[in-house]
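Chemist: Sending over a structure as structure tokens; questions will come in a sec.
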Amino acid sequence: MPRWVLLDVHRVEATVLHPGDVAWALRRLRHHVHNPWRLEVHRLDDCPCGENLIRWTLQSALRALPGRSRAALRAIIKPLDAELRRRTVLDYSAPPDWPWWQQRRPRGARGHGA
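In my numbering, the protein residues as written are 5 to 118.
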């Protein structure tokens, strides 16, 4: 990431998130994209947020960043989102008002209500 984006990310982490949250979320998203079955494991944890926390963190950063920095971070996230969509399927049991990433499940996995 260019330095000017990192400066904006640090400002957002200091005011909206916590220091290091964006880097953590990007690392975790890269990991989960390549192993979507781990997404399902997180849904079974005591905290139902799991992978949702990862994507929510990035979404919060995107909302808070200024235009150019938002575009730069979105350019990093976009191919990861595309790969996540490719490796997962729509979970028809997920509420339709949830964000798209919460409505996905690994291919071959049962839905929440199944």
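For each residue, glycine too, the CB sits at the ideal point set by N, CA and C.
(1) What are the start and end residues of the beta strand (DSSP E) that includes Pro-110?
(2) Starting from Val-93 and walking both ways along the alpha helix (DSSP H), at which residues does that stretch end?
(3) Does Asp-101 pass the burial test, meaning 16 or more other C-beta atoms within 10 Å, or should it be called exposed?
(4) Considering only C-alpha positions, which residue in the set Asp-25, His-38, Pro-6 and Val-20 is nearest to Leu-84?
(5) Can you tell me which of Arg-78, Ala-68, Lys-82 and Gln-107 puts its alpha carbon nearest to the alpha carbon of Thr-92?
(6) So, is Leu-77 buried or exposed, given that buried needs 16 or more other C-beta atoms within 10 angstroms?
(7) The alpha helix (DSSP H) spanning Val-13 covers which residue range?
(8) How big is the Cα-Cα spacing for Val-26 and Ile-81?
Modeler: With the given structure in hand:
(1) Counted as a single uninterrupted DSSP element, the beta strand (DSSP E) harbouring Pro-110 occupies residues 108-110.
(2) Where Val-93 is concerned, there is no enclosing alpha helix (DSSP H), although the beta strand (DSSP E) it sits in stretches over 92-94.
(3) Classified as exposed, Asp-101 has fewer than 16 neighbouring CB atoms from the shown chains inside 10 Å of its CB.
(4) Ranking the options by Cα distance to Leu-84, first place goes to His-38.
(5) Of Arg-78, Ala-68, Lys-82 and Gln-107, the residue nearest in Cα terms is Gln-107.
(6) By the 16-neighbour rule on beta-carbons within 10 angstroms, Leu-77 is buried.
(7) Per DSSP, Val-13 belongs to the alpha helix (DSSP H) from 7-19.
(8) So the two alpha carbons sit approximately 11 angstroms from each other.
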